[in-house]
Structures are given as C-alpha cells and as structure tokens.
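Asks: Quick one: the structure is below, questions incoming.
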Amino acid sequence: MDITPPTQSVASLEGNSAARKNFYNAIAAHSMTPLWEVLHGLVPPSPTTPCQPAFWKYADVRPYLMQSGQLITAEEAVRRVLILENPGLRGQSSITQSLYAGLQVIMAGEIAPSHRHTQSALRFVVEGHGAYTSVDGERTQMKPGDFIITPSWTFHDHGHQGQVQVDAPVVWLDGLDIPMLRFFDAGFAENGTARQQEVTKPEGISSQRYGANMLPVRYTPPFGKTSPIFSYPYERTRDALHELETHADIDAWDGVKLRYVNPATGGSPMPTMATFMQRLPAGFAGKPYRQTDGAVFSVVEGSGSVSIEHKGKVWTFEFGPRDHFVIPSWHTAQLQSTQGCVLFSFSDRPVHQALGIHREERLS
Ligand code: GTQ
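Each residue of the sequence shown is one higher than the one before, starting from 205 at the first, in this note's numbering.
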C-alpha cells in the first residue's frame with residue numbers, strides 16, 4: 205500500500221489562496237462555509253464575550269428616569285423603562301449576552317397595564333414607596349430592597365397608589381431573560397383583557413402558604429419551575445445578613461453571600477435566573493474570582509468598589525447606593541468595601557448548571 209503523503213509542497217499550498225477564495229465563493233452560493241476559517245473563534249480556549257464591564261451611576265441615571273416621566277405615561281409606554289444596555293452589545297437590549305436589565309419608573313397614580321409573556325422577570329426595588337405589582341390575582345407591595353418575581357406566562361400589572369403629583373415616583377430594576385428566550389425563539393406574549401387584572405386573593409397569601417418554611421401537604425407547583433413566592437422582602441434578607449456578619453465566618457471572596465431559593469425545591473427562584481444578596485463587612489478586601497455566569501449588580505446600601513480584570517485590562521468602579529454594574533463572564537472580579545455595603549445581584553447561573561457548563565475559579 206502506498207502511504208506517501210500527497211506531494212503538494214507548502215509553497216504551492218500557499219499559492220492556493222486564490223483557489224480557496226474561489227472555492228469559498230462557490231460554496232457560499234449554497235449556504236456553506238469552511239469550518240477551518242472560523243474554528244478557533246467557535247471553540248475558543250476560554251470565553252471571549254463581547255459583553256463589557258459597565259457601570260451606571262445612579263446620580264447620572266436618575267434625572268433621565270424622571271425626565272422620561274414627563275415625556276410619556278406608564279400607560280402609553282406599557283412599561284416606562286430605560287434599558288441598561290451593555291456598551292459592547294448596543295442595539296441588542298441586553299446587559300449580558302443572555303440577560304436584559306432596565307430601570308422602570310412609575311409615578312404616583314399611574315398604572316402599567318396587564319400583560320403576560322414567557323420571559324421571566326425579577327424586580328428589585330431601588331427607590332420609593334407606594335407601588336405594587338399584581339401577579340396571578342395577588343398584589344404585592346414594593347419596598348426598597350425587596351426582590352419580587354413575575355413567573356413566566358403569568359399576567360402582571362404594576363401601579364403606584366400614592367397621591368398624584370404629591371408622592372415620589374418608584375423605581376425598580378427589571379431583570380429578564382429576554383435575550384435567552386430570543387436565542388431559543390421561545391418568546392410568546394399577550395395583553396390582558398383589562399388594564400388591571402382583578403385582585404382575587406388577599407395580599408401576602410402566597411408568603412403565608414409557601415414562605416414559612418412549610419408547604420401545603422398536597423403541594424403542586426402553581427407556577428411550574430418558578431418559586432411560588434412572589435416577594436422576598438428586604439427586611440428578612442437584611443436581618444439574616446446582619447446576623448451572619450456578626451456570628452458566622454466571612455467568606456474571603458464573597459463576604460456574606462446568600463442565594464434566594466424556591467422554597468419547594470431549594471433551587472433558584474426562576475429557572476433562568478439566580479439571585480443573590482451579599483454583605484461586605486467594613487474593611488473587606490475580597491480575593492479575586494471569576495465565573496462563567498456574567499452578573500448584574502444593584503447596590504443597596506453602603507459603598508465600596510469593584511475591580512474587574514480581563515486580558516490585562518482593568519476597570520475599577522467606585523459604587524454607592526442604587527448604582528448598577530456588570531461583571532461579564534470569566535472576567536476576574538475583586539470586591540472591596542471600607543465602610544461596608546449590601547449588594548443584590550443576578551445571573552444566568554441556573555442555566556449553566558442545568559447544562560453542566562458552569563465554571564468558577566476562586567483565585568488567591
Ligand atoms: O414589567 O412586564 O423591563 O415586559 C421589559 C419587559 C419590564 C414588565 C421590562 C417587560 C417588563
């Protein structure tokens with residue numbers, strides 16, 4: 205058997221570039237393209253996200269939120285939101301490749317009409333009092349620091365019960381899995397038949413039924429893979445973090461960090477998004493870490509800084525209350541706080557975990 209390799213020399217192969225171009229053009233007409241030209245980018249040695257570290261200072265953002273309140277009503281806008289668009293993903297309404305974030309503002313007396321969609325939503329209340337959200341016939345009051353859920357395909361509307369022209373607007377962070385559902389082409393939506401859905405249940409009933417570390421004996425999940433609790437009030441989260449800071453070990457990377465759970469499963473509150481609250485004690489200088497799930501942060505209390513490093517480039521954001529920032533996938537982050545602070549964050553970690561692709565490195 206002849207095992208001599210093909211005799212074409214490297215030099216003559218290089219002379220092939222015109223022939224290759226012709227070949228690529230020929231196959232392009234048949235909707236084909238050569239893998240060898242793109243292979244390295246398709247399976248990179250480590251994540252190469254276009255998502256950039258980004259920072260929104262609330263003092264810069266707030267005046268625009270208030271201006272939007274003069275330009276359009278919540279009713280006309282349906283949702284009066286300024287999208288926090290990642291500078292590396294402009295035009296895509298995305299804060300990371302898989303996640304959407306925006307700041308929604310509702311003025312006293314306004315209503316954001318009822319609709320539902322397959323996209324899951326989280327609300328993290330940033331400022332103001334008097335707003336509520338209704339989900340599946342139950343109203344939940346929104347207070348600063350509360351984490352509230354809108355499960356996939358449940359009718360929801362928002363409102364502000366304060367006195368028109370008197371009470372301050374309410375602002376919350378919306379976190380949705382919009383880019384993920386767009387990727388999967390699995391988005392459906394419809395409007396409610398009424399502006400506001402009928403309130404059919406007493407306020408707080410879901411917390412009483414599912415939120416006391418107990419479940420009904422014959423529990424069936426009311427919202428599929430999503431937590432049966434709509435509201436995780438800040439009061440309880442804050443107390444837990446405060447006690448843990450005083451009486452438990454402080455993690456060298458995270459400070460004191462808790463994840464919110466679906467009480468029926470112990471898993472994340474929503475199938476696509478994990479949510480966290482952490483406290484950095486005063487004088488905390490965290491060790492560096494990186495993880496595949498890019499994360500969006502909302503600063504609740506206190507101040508500090510985050511330093512983000514990637515491929516020799518460094519970003520440093522000095523943050524205070526109501527500021528927002530993003531740590532992209534596989535960027536090395538280090539948290540620091542002189543005064544102490546509380547940080548809310550969310551990411552697409554449950555999806556990474558479901559797929560068995562989640563990676564985390566805690567560096568020293
Ligand atoms: O409140 O239903 O920021 O449907 C984006 C899409 C909020 C909402 C957003 C939405 C909503």
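Quick reminder that beta carbons are idealized off the backbone N, C-alpha and C, glycines included.
Flag this pair as touching only if the stretch 523-542 and the stretch 485-504 have three or more C-beta atom pairs under 8 angstroms; answer yes or no.
Replies: Touching, yes.
Asks: For residue 306 versus residue 285, is the C-beta spacing smaller than 8 angstroms?
Replies: Yes, they are a contact pair.
Asks: Listed by chain order, which residues have C-beta atoms less than 5 angstroms from any heavy atom of the ligand GTQ?
Replies: Per the Cβ criterion, the list is 283, 285, 306, 378.
Asks: If we count the other Cβ atoms within 10 Å of its Cβ and call it buried at 16 or more, is residue 529 buried or exposed?
Replies: Buried: at least 16 other Cβ atoms inside 10 Å.
Asks: Please work out which residues of its chain come closer than 6 angstroms, Cβ to Cβ, to residue 563, disregarding the five sequence neighbours upstream and downstream, and give them in chain order.
Replies: Result list for residue 563: 496, in chain order.
Asks: Which two residues bound the contiguous alpha helix (DSSP H) that contains residue 229?
Replies: Here the alpha helix (DSSP H) through residue 229 covers 221-232.
Asks: Quick check on the DSSP output: the beta strand (DSSP E) that includes residue 481 runs from which residue to which?
Replies: Run containing residue 481: 478-484, per the beta strand (DSSP E) assignment.
Asks: Quick one: Cα of residue 359 to Cα of residue 228, how far?
Replies: Rounded to the nearest angstrom, the two C-alpha atoms are 50 angstroms apart.
Asks: Counting along the chain, where does the beta strand (DSSP E) carrying residue 523 start and finish?
Replies: That run of the beta strand (DSSP E) goes 517-523.
Asks: In angstroms with no decimal places, state the Cα-to-Cα distance between residue 231 and residue 237.
Replies: Approximately 7 angstroms between the Cα atoms of the pair.
Asks: Could you give the distance in angstroms between the alpha-carbon of residue 348 and the alpha-carbon of residue 362?
Replies: Distance between the alpha carbons of residue 348 and residue 362: 15 angstroms.
Asks: Determine the closest residue to residue 458 out of 522, 427, 545, with distance taken between C-alpha atoms.
Replies: Selected option, being the one with the closest Cα: 545.
Asks: For residue 570 and residue 338, what's the separation of their Cα atoms in angstroms?
Replies: For the chain, the structure presents residues 205 to 568; residue 570 sits outside this window and is missing.
Asks: Would you identify the three-state DSSP class for residue 554, choosing helix, strand or coil?
Replies: Three-state DSSP puts residue 554 in a helix.
Asks: Between the Cα of residue 253 and the Cα atoms of 413, 514, 519, which residue gives the shortest distance?
Replies: Per the Cα distances, 514.
Asks: Can you give me the start and stop residues for the alpha helix (DSSP H) that residue 530 sits inside?
Replies: Counting along the chain, residue 530 falls outside any alpha helix (DSSP H), though it belongs to the beta strand (DSSP E) covering 528-531.
Asks: Among all the DSSP beta bridges, which residues are the ones paired with residue 255?
Replies: Residue 255 is not bridged to any residue.
Asks: Could you pull the start and end residues of the alpha helix (DSSP H) that residue 571 belongs to?
Replies: Residue coverage of the chain in this structure runs from 205 to 568, which leaves residue 571 outside it and unanswerable.
Asks: Does the distance from the CB of residue 336 to the CB of residue 345 come in under 8 angstroms?
Replies: Yes. Within cutoff.
Asks: Give the list of continuous beta strand (DSSP E) stretches no shorter than 3 residues that lie fully inside the stretch 426-472.
Replies: Qualifying beta strand (DSSP E) stretches, in chain order: 460-463.
Asks: Just the Cα atoms here: how many angstroms apart are residue 310 and residue 221?
Replies: The straight-line gap from Cα to Cα measures roughly 60 angstroms.
Asks: Can you tell me which of the three DSSP states residue 265 falls into?
Replies: Looking at residue 265 - three-state DSSP - the assignment turns out to be helix.
Asks: Spatial neighbours of residue 500 within its chain, please: C-beta separation below 6 angstroms, excluding the five flanking residues on both sides.
Replies: Excluding residues within five positions, the ones whose Cβ falls inside 6 angstroms are 299, 305, 530, 550.
Asks: Kindly indicate which residue of 240, 270, 350 has the alpha-carbon position closest to the one of residue 439.
Replies: Among 240, 270, 350, the Cα nearest to that of residue 439 belongs to 350.
Asks: May I have the straight-line CA-CA distance separating residue 414 from residue 241, to the nearest angstrom?
Replies: Looking at the two C-alpha atoms, the distance is approximately 54 angstroms.
Asks: Pick out whichever of 466, 372, 223 has its Cα sitting closest to the Cα of residue 426.
Replies: Ranking the options by Cα distance to residue 426, first place goes to 466.
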